[in-house]
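Comments concern the structure below.
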Amino acid sequence: MQDALHTGVKRAMAVVYSGFSYDMEVVSHGFVIDISKTNAENEERLHALIDDAEAHGERLAKLFELEVLLPETSSGADDGGEGRDTD
């Protein structure tokens, strides 16, 4: 699970970097806060950014599913995929 998370984050950083110029070192430390704002204001901004990114992040995640997710195992893997008893 941890490998999947790490792969997804690395791919997302590469996607963003492919279209925008930014300092990956700064981004790798997490959200950038505005030191002129209060903790509450920065927290509100963080939640707004996450909300704004939700649909776009979902779309991006789908691009990496085959690469990141483990193959699904079905309950009928041993019986030809039918998932039923032969008795």
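Reminder that position 85 of the sequence shown reads as 192 in the numbering used here, one-by-one numbering, no gaps. Using N, Cα and C, we set each Cβ at its ideal position, and we do this for glycine too.
Query                                                                                                                                     : Result
Do the segment 124-134 and the segment 162-178 make contact, defined as three or more Cβ pairs closer than 8 Å?                           : no
Counting pairs of beta carbons, one from the segment 138-155 and one from the segment 111-129, are three or more of them closer than 8 Å? : no
Assuming residue 171 is part of the alpha helix (DSSP H), what are its boundary residues?                                                 : 146-175
Whole angstroms is fine: what's the gap from residue 117's alpha carbon to residue 108's?                                                 : 14 Å
What number of angstroms, rounded off, separates the C-alpha of residue 190 from the C-alpha of residue 153?                              : Annotation note: pLDDT 46 at residue 190 (below 50); position unreliable, coordinate value reported separately. Whole-angstrom Cα-Cα distance: 45 Å.
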